[in-house]
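Residue numbers (full-length UniProt numbering), protein chains in the order written: chain A, 1 to 204; chain B, 1 to 204; chain C, 1 to 204; chain D, 1 to 204. Below is one structure; the comments refer to it alone.
Number of protein chains: 4
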Amino acid sequence: MSTPGDRGTDGRRPQRADARTNRERILSVAEEVFGRGGQLASTEEVARLANVGIATVFRHFPTKAALLEAVLVQRFDRLREQAESLFHAADPGAAFFGFFSHLVADAPGKIAIGEALYEAGGGNGGDAARASDGLRRAVGLLLQHAQRDGAVRGDVELPEVYALLVATSRASAPAHLDEEVRDRMLAIVFDGLAPLRNARRQGP
Amino acid sequence: MSTPGDRGTDGRRPQRADARTNRERILSVAEEVFGRGGQLASTEEVARLANVGIATVFRHFPTKAALLEAVLVQRFDRLREQAESLFHAADPGAAFFGFFSHLVADAPGKIAIGEALYEAGGGNGGDAARASDGLRRAVGLLLQHAQRDGAVRGDVELPEVYALLVATSRASAPAHLDEEVRDRMLAIVFDGLAPLRNARRQGP
Amino acid sequence: MSTPGDRGTDGRRPQRADARTNRERILSVAEEVFGRGGQLASTEEVARLANVGIATVFRHFPTKAALLEAVLVQRFDRLREQAESLFHAADPGAAFFGFFSHLVADAPGKIAIGEALYEAGGGNGGDAARASDGLRRAVGLLLQHAQRDGAVRGDVELPEVYALLVATSRASAPAHLDEEVRDRMLAIVFDGLAPLRNARRQGP
Amino acid sequence: MSTPGDRGTDGRRPQRADARTNRERILSVAEEVFGRGGQLASTEEVARLANVGIATVFRHFPTKAALLEAVLVQRFDRLREQAESLFHAADPGAAFFGFFSHLVADAPGKIAIGEALYEAGGGNGGDAARASDGLRRAVGLLLQHAQRDGAVRGDVELPEVYALLVATSRASAPAHLDEEVRDRMLAIVFDGLAPLRNARRQGP
DNA sequence: AATGAATGAGCGTTCATTCAT
DNA sequence: AATGAATGAACGCTCATTCAT
């Protein structure tokens with residue numbers, strides 16, 4: 001599977017490429033496997049589906065926790081990049097709410113991600129926590145922009161917004177939350193985040 | 001191990017009472033242990049912390065799943081009773097929001113409960129699912145009353161409200177969500193649930 | 001079940017009677033239970049079917065092995081008595097072959113007996129071995145009588161005959177040996193035990 | 001643990017060979033351990049005597065039942081091959097009786113084999129049952145040949161002959177059946193199988 | 001660098017036996 | 001004498017991790 005034949009044709013450094021390929025395949029398989037079964041999924045299953053020996057997995061990721069962390073970092077980074085790509089969107093409100101929806105809609109089947117958003121929120125000091133912070137900061141900027149644009153009330157702050165993001169994302173992770181219900185749930189949250197609240201509250 | 005003499009509060013005769021006491025202690029320890037570690041927590045740890053032999057746990061609950069289910073049923077039933085006690089509250093809105101807050105505030109450290117609210121939402125056919133349904137129905141009534149009283153907008157329905165309840169409860173389960181943040185998160189949700197929304201949305 | 005009411009009416013010694021009754025019921029249930037499942041059957045099942053607490057079983061038989069031994073002793077003794085009742089039969093040959101057949105036909109479902117005939121053959125020094133020896137001796141007498149009567153060749157001796165008895169009995173223990181096959185198997189053995197063998201062998 | 005250097009007999013390279021060696025050692029140890037203690041013997045004991053970790057046993061045989069089955073298949077196959085090697089023997093009678101004796105003489109200490117000959121006779125649908133059937137068929141052919149050759153009476157059929165084979169084999173399994181007794185027991189059976197029986201019976 | 005065999009700690013569960021009533 | 005709750009050792013089996021090639 002790891003195409004050992006290449007080595008014969010040219011002696012430059014096919015191994016390095018092979019290793020990188022393996023690492024990536026392992027990571028991507030792990031994302032799916034842990035997404036399905038959470039931490040309960042076995043490392044052997046990752047190895048099997050990635051078509052590598054179990055020892056190869058452990059060569060690339062010294063412990064199961066490290067593999068899980070790498071999966072999370074990848075996922076957080078990807079989400080952060082998506083958030084960052086919206087920093088200069090024409091409509092900051094649409095950008096914020098759109099990203100919120102996207103993240104929540106993306107959750108189904110990705111148990112580990114939900115768990116991670118959730119655990120990493122507490123910060124465990126590892127790379128995942130760092131990546132999680134990166135995502136959090138990006139969401140913070142999207143929020144700020146939306147607030148400045150008047151699309152989100154000005155008196156909410158990142159901690160509670162992020163907590164809501166984690167909460168709704170996590171709640172959506174199990175496949176059995178109906179899509180329509182999920183949207184109606186988000187509608188309520190988004191309504192709570194919309195401005196004019198103050199106006200209404202201040203009014204008689 | 002069970003040193004029947006040290007039951008300080010009441011000095012009634014052991015034997016049958018001892019067994020009941022053990023059962024209750026096991027249940028309560030299990031609630032805490034599974035609350036911390038989820039299903040991953042070991043039955044042995046439950047036994048150790050309950051100061052009973054492992055076989056005693058299995059005498060009372062034939063399988064680990066049965067123990068977990070008993071924990072959940074107990075918890076769901078307790079919450080349902082609390083909800084039911086609010087059916088005839090003078091202020092249905094306060095009753096609804098109060099119960100919502102109570103359930104979420106009660107969550108910290110009770111991972112299994114969150115998981116259960118969440119999994120049982122899908123219904124696995126066991127006693128826990130039945131108990132979960134009972135809670136859901138009770139929440140449904142509280143919601144209806146609050147809506148009739150004008151404290152909650154009339155266009156939201158139980159599925160999304162319950163999903164929000166599960167989501168925020170679950171998000172609050174880890175101890176590291178600051179209490180103030182949790183309240184601000186709830187404030188947003190409650191705002192989203194408040195009436196006048198339609199009026200505002202329809203207006204220019 | 002243990003008729004605890006008797007105690008009230010007369011104070012003499014109903015407990016003794018109760019105990020004896022229990023002991024017998026346990027023994028008889030044990031014979032059936034071990035007969036079905038061998039030593040693998042659990043002592044608890046014996047207690048359950050005998051309608052007594054597990055501790056009662058252990059009061060009467062201090063260990064599981066002792067219970068098993070008691071079962072075997074009872075069974076060996078019963079068989080020995082049956083053999084002895086044939087000592088003065090009019091037709092010693094019919095008596096011998098009849099008893100042989102009876103024992104083998106009685107085997108189905110009595111795994112423990114087969115195992116015991118077999119293990120006890122080696123003599124483990126306990127009561128069961130003693131009872132087994134008693135049976136063996138009784139079979140020996142039946143054999144002698146049959147030989148004197150000319151119904152069994154004179155050159156066979158008890159050890160091999162007993163071994164055959166054990167072997168065929170054991171082979172018949174599982175229910176799945178067809179009755180007809182069992183009889184045809186015995187016919188072969190009985191033929192081998194019939195006299196005139198020597199004559200034939202000595203002839204050219 | 002597996003100290004690949006100490007394979008005294010042949011110095012071929014380990015790794016794959018090591019695994020095969022382990023597998024074989026486990027199988028052979030299992031044959032002995034189950035031979036002594038039947039299914040009651042523990043897998044751990046097999047591991048201990050085979051000088052491998054318990055997980056190694058389970059790597060080679062996914063369940064205890066699979067290990068037991070492998071032992072039986074091996075044994076049945078070996079016996080079948082021996083039987084087949086006698087198909088074209090010059091003296092079919094000697095072949096049949098010789099194989100019968102061999103099988104019975106081979107039994108001592110191999111309880112599990114006896115149990116298996118016995119249980120598998122009932123057919124449990126697994127590989128062992130298949131292998132058992134193979135052996136049975138081979139014995140059937142040896143019997144036919146012996147009958148055609150006039151060495152075994154023509155009116156006996158495989159079922160009862162096989163039952164006798166199982167019975168005597170099983171009875172010989174415990175080491176405490178004296179060799180001479182065993183032979184005398186077989187002599188009786190063989191006499192019962194010999195021809196001229198009919199003649200004698202029909203004759204005066 | 002990659003393999004997969006080997007490992008042992010740990011898990012859920014059972015069962016003969018003991019203890020307290 | 002009888003009960004049944006409690007016990008812990010043992011079992012079958014799994015899995016993250018290491019070793020030898």
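From the three backbone atoms N, C-alpha and C, an ideal C-beta is built for every residue, glycine too.
- The DSSP-derived three-state label of B/Lys64 is helix.
- For C/Thr21, the closest Cβ of chain D is not nearer than 7 Å.
- By the CB criterion at 7 Å, D/Val57 and D/Ile26 fall inside the cutoff.
- In the structure shown, the three-state DSSP call for B/Glu160 is helix.
- Rounded to whole angstroms, the separation of the alpha carbons of A/Gly38 and A/His102 is 21 Å.
- If you draw a straight line from the Cα of C/Ala95 to the Cα of C/Asp133, it is about 20 Å long.
- The beta-carbon separation of A/Glu69 and A/Asp127, rounded to 6 Å, stays under the 8 Å limit for a contact.
- For the C-beta of C/Glu160, the chain D residues within less than 7 Å are, from N- to C-terminus, Val181, Arg184, Met185 and Ile188.
- Its Cα nearest to that of D/Glu24, the residue D/Leu49 stands out among D/Leu79, D/Leu49 and D/Gly93.
- Annotated as distal: C/Ala41 and C/Val29, with beta-carbon spacing of 7 Å or more.
- Interface annotation, D/Val71: not in contact with chain C, CB-CB separation never under 7 Å.
- When Cβ-Cβ separations below 7 Å define contact, B/Gly134 makes no contact with chain A.
- For D/Gly35, the enclosing alpha helix (DSSP H) covers residues Arg16 to Gly37.
- According to the DSSP assignment, B/Arg148 belongs to the alpha helix (DSSP H) that extends over Asp127 to Arg148.
- Distance between B/Asp183 and B/Asp191, taken at the CA atoms: about 12 Å.
- Excluding sequence positions up to five before and after C/Leu79, its CB lies within less than 7 Å of the CB of Leu103 and Leu135, all in the same chain and listed in chain order.
- If you look at B/Val181, you'll find it in the alpha helix (DSSP H) that goes Glu179 to Leu193.
- With a cut-off of 8 Å on Cβ pairs, the region 166-180 of chain B is in contact with the region 169-177 of chain A, counting three or more such pairs.
- The straight-line gap separating the alpha-carbon atoms of B/Ala187 and A/His60 is approximately 45 Å.
- Residue D/His145 holds the alpha-carbon nearest to the alpha-carbon of D/His88 among D/Leu177, D/His145 and D/Val181.
- The DSSP-derived three-state label of D/Pro92 is helix.
- Taken through DSSP and simplified to helix, strand or coil, A/Ser169 comes out as helix.
- Taking each of A/Leu165, A/Gly150 and A/Ala131 in turn and checking the Cα distance to A/Gln74, the smallest one comes out for A/Ala131.
- Close CB contacts of D/Gly150 within its chain, under the 7 Å cut and outside five residues either way in sequence, are with Pro195 (chain order).
- C/Phe99 sits away from C/Leu165, with the two beta carbons spaced by 7 Å or more.
- Not one beta carbon of chain C lies nearer than 7 Å to the beta carbon of D/Asp106.
- At a cut-off of 7 Å between C-beta atoms, C/Ala129 does not count as an interface residue with respect to chain D.
- Cα atoms of B/Arg16 and C/Arg36: separation of roughly 34 Å, rounded to the nearest angstrom.
- The beta carbon of B/Gly150 sits no closer than 7 Å to any beta carbon of chain A.
- Look at C/Asp77 here: in three-state DSSP terms it is helix.
- Sequence-distant Cβ neighbours of B/Leu193 in its own chain, meaning closer than 6 Å and more than five residues away, are Val152.
- For B/Leu49, the uninterrupted alpha helix (DSSP H) run begins and ends at Thr43 to Leu49, by DSSP.
- Against chain C, the CB of D/Ala171 has a partner CB under 7 Å away; the residue lies at that interface.
- Beta-carbon to beta-carbon, C/Tyr162 and C/Val189 are separated by about 13 Å, too far to satisfy the 8 Å threshold.
- At a cut-off of 7 Å, the C-beta of B/Gly192 has a neighbouring C-beta in chain A.
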